[in-house]
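Numbering (this note's numbering), first residue to last: 401 to 702.
See the structure below:
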């Protein structure tokens with residue numbers, strides 16, 4: 401028996417359509433500008449409008465929990481810079497195809513490219529992990545331009561119309577994108593068995609996961625990437641894209657993590673993800689404005 405597709409309530413559907421239209425107009429406007437001008441305008445609009453949106457309260461609460469010693473001025477300044485960054489990222493969507501990670505224009509600095517080349521040439525699968533830090537849409541493009549297309553699992557936007565619009569710009573970047581869910585889990589398993597390479601953002605709440613400390617507070621976390629890497633003995637490689645200034649970035653690919661092999665898969669996977677959290681914490685402390693503080697990462701801070 402085929403399950404019926406859930407109908408979206410009328411009021412929510414109207415809100416979704418309005419959000420879609422606004423984003424479509426913004427994408428058209430940003431796409432008509434050069435990459436640098438679009439990024440600058442997106443940052444300006446984000447910093448002006450974002451701090452006044454209701455969802456900003458979540459970012460403020462997250463920052464106060466993670467950095468209890470910060471003054472209110474420091475928290476609000478970081479929130480404003482976060483919205484500047486997110487505004488730039490939105491404006492950069494229509495220009496994704498213009499990014500050249502290995503060109504000579506100096507827009508992107510690449511560190512650790514030898515680890516990508518090793519994964520491309522060794523004939524076995526691998527897993528790239530990262531978080532919603534910097535312009536996270538650029539990871540797939542960086543790998544593809546080095547001859548290493550990724551099977552990418554992500555959390556789909558709640559708004560289905562916005563989701564389809566984003567995919568128009570994301571898919572030509574070279575990766576196969578699958579929303580989280582049962583189908584994605586099957587796709588990942590099949591990809592590993594074929595020797596394909598995966599890209600997974602693992603910094604957001606995963607209700608089916610396990611609690612692992614993140615900034616000193618338990619956060620429900622997926623262990624799937626670690627379990628895949630341990631079970632199939634494939635590399636688990638952290639990657640970070642950070643905004644250096646304007647629409648200029650630095651991509652850093654770290655060496656593959658050392659994977660424990662105690663025979664207790666659950667315990668080993670937990671240890672690996674705890675190490676990943678420590679790495680993410682260092683990235684976020686370095687440039688806190690470039691993490692997505694709007695997400696409800698912890699269950700008890702609201």
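Idealized CB from N, CA, C, for every residue including glycine.
- With fewer than 16 other Cβ atoms inside 10 Å of its own Cβ, residue 411 counts as exposed.
- Distance from the CA atom of residue 425 to the CA atom of residue 443, rounded to whole angstroms, is 16 Å.
- Residue 553 holds the alpha-carbon nearest to the alpha-carbon of residue 537 among 553, 522, 591 and 527.
- Counting the other CB atoms within 10 Å of its CB gives residue 670 a total of 16 or more, which places it among the buried residues.
- Nearest to residue 638 by alpha-carbon distance, out of 629, 646, 556 and 662, is 629.
- The criterion of a C-beta distance shorter than 8 Å is not satisfied by residue 478 and residue 496.
- Annotation for residue 490: the continuous alpha helix (DSSP H) segment containing it runs 472-492.
- For the set 520, 476 and 440, the Cα lying nearest the Cα of residue 452 is the one of 476.
- Put simply, the backbone Cα of residue 675 is about 14 Å away from that of residue 619.
- Beta bridge pairing from DSSP links residue 621 with 610.
- By the beta-carbon neighbour count (other beta carbons within 10 angstroms, threshold 16), residue 493 is buried.
- Distance from the CA atom of residue 471 to the CA atom of residue 489, rounded to whole angstroms, is 27 Å.
- DSSP, read as helix, strand or coil, puts residue 540 in helix.
- Annotation for residue 666: the continuous alpha helix (DSSP H) segment containing it runs 665-686.
- Contact between residue 602 and residue 653 does not hold, since their C-beta atoms are separated by about 16 Å, which reaches or exceeds 8 Å.
- Below 8 Å, enough C-beta pairs join the stretch 639-653 and the stretch 499-519 to call them touching: three or more.
- Residue 455 sits in coil when the DSSP states are folded into three classes, being neither helix nor strand.
- A residue is called buried when at least 16 other Cβ atoms come within 10 angstroms of its Cβ; residue 697 meets this threshold and is buried.
- Counting every other CB atom within 10 Å of its CB across the protein chains shown gives residue 515 a total of 16 or more, marking it as buried.
- Runs of the alpha helix (DSSP H) lying entirely within the stretch 410-448 and spanning at least 4 residues, in chain order: 410-431.
- Contact annotation: residue 680 and residue 531 have beta-carbon atoms nearer than 8 Å.
- Under DSSP, the beta-bridge partners assigned to residue 652 are 511 and 640.
- Excluding its 5 nearest sequence neighbours in each direction, residue 683 has C-beta neighbours in its own chain below 6 Å: 533 and 640, listed in chain order.
- Between the alpha carbons of residue 579 and residue 643 lies a distance of about 25 Å.
- If you look at residue 502, you'll find it isn't in any beta strand (DSSP E); DSSP assigns it neither H nor E.
- Comparing alpha-carbon positions, the option among 655, 672, 691 and 699 lying closest to residue 513 turns out to be 655.
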